[in-house]
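2 protein chains.
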Amino acid sequence: MIIGIDIGGTNTKFGLVGKDGEIAFRGSMQTTGYAQPKEYTEALVHHIQPLFEKAGGKENIKGIGIGAPNGNMYSGCIEYAANLGWEGIIPIASWINESTGLPVSLTNDANAAAMGEMHYGQGKGMQDFIVITLGTGVGSGIVANGKLIAGHNGFAGELGHTIIRPGGRLHPGTHLVGSLEMYAGAAGIVMTAIELAQSNTLPTQLNYINPKELTVKQLFEYAKKDDPVAIRTFELTGEILGEAFSNFVHTLAPEAIILFGGVTHAGELLRQPIIRSMEKHLLKVFQNQVKILYSTLPESDAAIVGAAGLILSV
Amino acid sequence: MIIGIDIGGTNTKFGLVGKDGEIAFRGSMQTTGYAQPKEYTEALVHHIQPLFEKAGGKENIKGIGIGAPNGNMYSGCIEYAANLGWEGIIPIASWINESTGLPVSLTNDANAAAMGEMHYGQGKGMQDFIVITLGTGVGSGIVANGKLIAGHNGFAGELGHTIIRPGGRLHPGTHLVGSLEMYAGAAGIVMTAIELAQSNTLPTQLNYINPKELTVKQLFEYAKKDDPVAIRTFELTGEILGEAFSNFVHTLAPEAIILFGGVTHAGELLRQPIIRSMEKHLLKVFQNQVKILYSTLPESDAAIVGAAGLILSV
């Protein structure tokens with residue numbers, strides 16, 4: 001069995017993961033409220049102690065896998081993670097290894113998602129695939145030749161920050177211009193809907209909502225009610241994603257691109273335009289080959305299971 | 315020793331490659347003029363016979379590596395190579411293996427270039443790098459985790475066909491719109507120069523040349539003579555390449571991007587704008603890390619040596 005840990009900005013979730021990715025036992029704790037990362041780490045080790053017993057002893061645990069924002073696979077450190085409120089470089093993998101004696105592996109959330117798909121999900125048996133996480137941000141994890149691609153500095157797979165509209169929208173966080181995340185991340189999708197609604201080119205109920213309060217979830221609901229702007233918003237988002245995917249395919253020639261995260265609730269409304277647009281922008285030699293799949297891992301468990309998968313890959 | 319073979323549209327070059335990438339003996343033959351690919355292959359095997367003796371016997375030859383347009387590493391076949399004038403799928407690696415008894419590996423030209431850099435050039439000792447060939451076309455070979463990335467269908471690394479200017483120039487061959495090759499391939503660079511010259515925004519001698527006869531080589535010469543349009547052309551080309559490179563870095567986090575091919579004769583006139591533009595479009599975590607290098611392999615030998623390198627990688 002493997003212990004999987006998902007460190008989020010607010011909560012940390014963990015679980016004891018079995019051979020087929022089932023979670024035998026789970027728990028959680030707050031990430032915030034600790035004066036120092038070291039104290040947080042000590043509390044975390046304390047919280048996962050019960051998992052050792054549940055596994056029938058520490059000797060039955062193969063290792064501890066951790067997914068965390070800005071987690072560096074090579075160093076086992078969380079580096080400059082602004083949204084965890086931790087400064088500098090935190091050697092969390094070695095701290096946990098020292099206090100538990102177990103092998104510990106760390107990576108970022110999107111790479112953990114890729115490991116989850118590889119060992120327990122849609123990527124099972126594939127040597128080459130990409131996982132794209134579509135939520136607040138657009139993250140990604142790349143598997144090629146059966147291995148996670150971390151690159152020279154450990155941070156490869158930032159596909160959400162590739163440029164897709166030169167001279168386009170400015171990202172308030174990264175200051176990059178025209179990057180994919182500004183079109184396919186939650187804020188970008190809402191921005192597209194507002195632009196469309198305000199252009200008055202299509203009838204819509206969205207004009208009755210305060211633009212500052214509009215969410216992707218509301219867009220799902222309006223799309224279900226056949227609101228033309230809501231539907232067109234997902235089409236446009238899919239078209240831009242499909243263009244970006246053609247770039248990823250020309251680069252990596254994956255067997256599949258697996259989509260994960262809240263935005264995938266848009267279903268075929270998003271997936272069909274992605275496929276049409278991607279195919280349109282591909283060389284013949286790549287056409288009708290790359291599967292666009294939605295993850296089937298339960299969203300609440302995927303991060304834990306993915307972190308556990310990391311232990312099977314090192 | 316290894317036999318390296320470079321199959322080009324007009325000529326086929328081959329050589330006996332030693333441990334450090336030195337070519338002990340070399341030869342060439344025409345690619346064209348054979349009724350069938352099978353006859354071409356028989357002639358090729360005949361032509362490389364003398365290399366066996368030069369090596370002191372076939373038993374001293376580790377294998378035969380081949381670089382060819384549309385060469386598929388997985389199948390050992392040349393697939394639909396329009397510019398070789400061969401139709402369908404040609405199992406050239408297995409034909410040569412059958413008649414020589416030696417291990418034979420095949421890949422496309424850009425991947426062969428990457429193997430050359432990996433074993434004998436700038437990529438020596440690197441686990442993660444990208445080779446970009448800048449010539450008539452824009453090709454690429456990707457190495458990650460110390461291995462060539464061929465992807466699911468064997469054709470990964472088509473970075474020249476990624477979109478960099480949505481809605482931009484139409485590629486007459488691929489029919490893709492706004493792909494990198496239309497800006498950084500030879501025809502694209504010439505097009506940029508003509509557009510600039512005709513816009514009359516900068517003084518230039520280029521207006522005295524028939525646009526249909528303008529070449530990149532002439533642009534080098536005019537740039538050396540400080541022609542403002544010629545200089546600006548390489549700057550603009552570098553800026554677009556730098557933007558594209560930021561996408562490749564966000565995807566793969568390479569240690570270096572190694573540039574190879576005729577267009578690199580533009581030297582710092584091209585390299586400096588590439589670096590400035592790439593850095594501008596990178597997330598902080600990637601800035602000032604990725605080396606932009608020019609290949610130091612002799613251009614005439616690189617394809618032979620790269621094909622030989624393939625044998626060391628499989």
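Read top to bottom, the protein sequences are chains A and B. Using this note's numbering, the letters of the first sequence map in sequence onto residues 1 to 314. Using this note's numbering, the letters of the second sequence map in sequence onto residues 315 to 628. Backbone N, C-alpha and C define an ideal beta-carbon position, used for all residues, glycine too. Computed from a predicted model, the values in this text were never measured in an experiment.
Start and end of the alpha helix (DSSP H) containing residue i?
i, result
"A:Met182", "Glu181 to Ala184"
"A:Val249", "Pro228 to Leu252"
"B:Gln631", "Missing from the structure shown is residue 631 of chain B; chain B here goes from 315 to 628 and no further."
"B:Ile362", "Pro351 to Lys368"
At a CB-CB cut-off below 9 angstroms, which residues of chain B make contact with residue i?
i, result
"A:Phe245", "By Cβ distance, chain B contributes nothing, its closest Cβ being about 11 angstroms from A:Phe245, past 9 angstroms."
"A:Ala253", "Ile463, Ala464, Gly465, His466, Asn467, Gly468, Phe469, Ala470, Gly471 and Glu472"
Name the chain B residues whose beta carbon is nearer than 7 angstroms to that of residue i?
i, result
"A:His281", "Ile477 and Leu490"
"A:His265", "Chain B residues near A:His265: none, gap ~26 angstroms exceeds 7 angstroms."
"A:His47", "In chain order: nothing, as chain B lies at least about 30 angstroms away."
Could you check if residue i is buried or exposed, using at least 16 other CB atoms within 10 Å of its CB as the buried criterion?
i, result
"A:Pro273", "buried"
"A:Thr133", "buried"
"A:Gly146", "exposed"
"A:Thr204", "buried"
"A:Pro254", "buried"
"A:Lys13", "buried"
"B:Gln436", "buried"
"A:Gly242", "buried"
"B:Leu624", "buried"
"B:His466", "buried"
"B:Glu582", "exposed"
"A:Asn70", "buried"
"B:Asn325", "exposed"
"A:Arg271", "buried"
"B:Thr515", "exposed"
"A:Ala114", "buried"
Residues of chain B with a CB under 8 angstroms from the CB of residue i: which are they?
i, result
"A:Ala230", "What A:Ala230 touches in chain B: nothing, since even the nearest Cβ is about 24 angstroms away."
"A:Gln289", "His466 and Asn467"
"A:Pro91", "Result: empty, since nearest Cβ-Cβ is about 17 angstroms, beyond 8 angstroms."
"A:Pro166", "Ile478, Arg479, Pro480 and Glu557"
Determine the chain A residues that contact residue i at a beta-carbon separation under 9 angstroms, and present them in chain order.
i, result
"B:Gly599", "What sits at residue 599 of chain B in the sequence shown is Val, not Gly. In chain order: Asn70, Glu79, Tyr80, Asn153, Phe155 and Glu158."
Does DSSP classify residue i as helix, strand or coil?
i, result
"A:Phe14", "strand"
"A:Phe220", "helix"
"A:Leu392", "What is shown of chain A runs 1 to 314, which leaves residue 392 of chain A out entirely."
"B:Ala570", "strand"
"B:Asn386", "strand"
"A:Gly57", "coil"
"A:Ile5", "strand"
"B:Lys333", "coil"
"A:Ala24", "strand"
"B:Leu528", "coil"
"B:Ile523", "coil"
"A:Ile149", "coil"
"B:Ile477", "strand"
"B:Leu624", "helix"
"A:Leu134", "strand"
"A:Leu170", "strand"
Report whether the distance from the Cβ of residue i to the nearest heavy atom of the ligand MG is below 6 angstroms.
i, result
"B:Asp334", "Ligands displayed in this structure: none; no statement on the ligand MG is therefore possible."
Locate the beta strand (DSSP E) running through residue i, then write down its first and last residues.
i, result
"B:Ile380", "Gly377 to Gly381"
"B:Ile456", "Val452 to Ala458"
Residues of chain A with CB under 8 angstroms from residue i, in chain order?
i, result
"B:His433", "Within chain A, no residue comes near B:His433; the closest Cβ sits about 18 angstroms away, beyond 8 angstroms."
(request) Enumerate, from N- to C-terminal direction, the unbroken alpha helix (DSSP H) stretches of 4 or more residues contained entirely within the segment 80-124 of chain A. (result) Counting only runs of 4 or more, we get 92-100 and 109-120.
(request) Determine which residues of the segment 129-151 of chain A have a Cβ less than 9 angstroms from any Cβ of chain C, and write them out in chain order. (result) Among the protein chains of the structure shown, namely A and B, there is no chain C.
(request) Quick one: which unbroken beta strand (DSSP E) runs of 3-plus residues sit fully inside the segment 579-615 of chain B? Chain order, please. (result) Look at the segment 579-615 of chain B and you find these whole runs of beta strand (DSSP E), each 3 residues long or longer: 605-608.
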